[in-house]
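Terminal number for the sequence shown in this note's numbering: 126, no gaps in between.
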Amino acid sequence: MSPLLFYFQSHIWAETSHSIFYKREENIPDIINRDLYRLSALLEVVDEKLQTIKNTVEKHFYYISSAPYEDILKLDLNSETFRRIMIENSGGNYKLTDLNNNYLSNLEVS
């Protein structure tokens, strides 16, 4: 689930719960209030976990861009590690901004 989609869903939930429960809490059965509080706690946990994952991903991408080349070779191959390997081995021809892989397209196969 993308962060933007999650933001909208949690925003919709906040708006809905506010319109249903605001200034009516004394008239709402305890079982419903309990469900609302439980759901609120779950959303808090989800928010914290998503923030932790986001921070971990950002640290990982920073690590890939700054770690010694030998350490990069020990990581699983994915688009980010591949890009770093290409940058290191292209003699300056492959750029991080070469999103269309023009360098690869122009290589002559011998």
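Backbone N, C-alpha and C define an ideal beta-carbon position, used for all residues, glycine too.
For residue j and residue i, the rounded distance between their alpha carbons
i: residue 94; j: residue 80; result: 11 Å
i: residue 110; j: residue 98; result: 11 Å
i: residue 126; j: residue 70; result: Bear in mind that the predicted position of residue 126 carries a pLDDT of just 47, short of 50, making it unreliable; the figure below should be weighed with that in mind. Cα-Cα distance, rounded: 43 Å.
i: residue 63; j: residue 52; result: 16 Å
i: residue 96; j: residue 82; result: 12 Å
i: residue 92; j: residue 106; result: 20 Å
First and last residue of the uninterrupted alpha helix (DSSP H) at residue i
i: residue 75; result: 46-82
i: residue 92; result: No alpha helix (DSSP H) holds residue 92; DSSP gives it neither H nor E.
Expected contact under 8 Å - CB spacing of residue i and residue j to nearest Å
i: residue 101; j: residue 88; result: 7 Å
I want to know whether the stretch 52-60 touches the stretch 73-90 - three or more CB-CB distances under 8 Å.
Judged by Cβ distances under 8 Å, the stretch 52-60 makes no contact with the stretch 73-90, as fewer than three pairs qualify.
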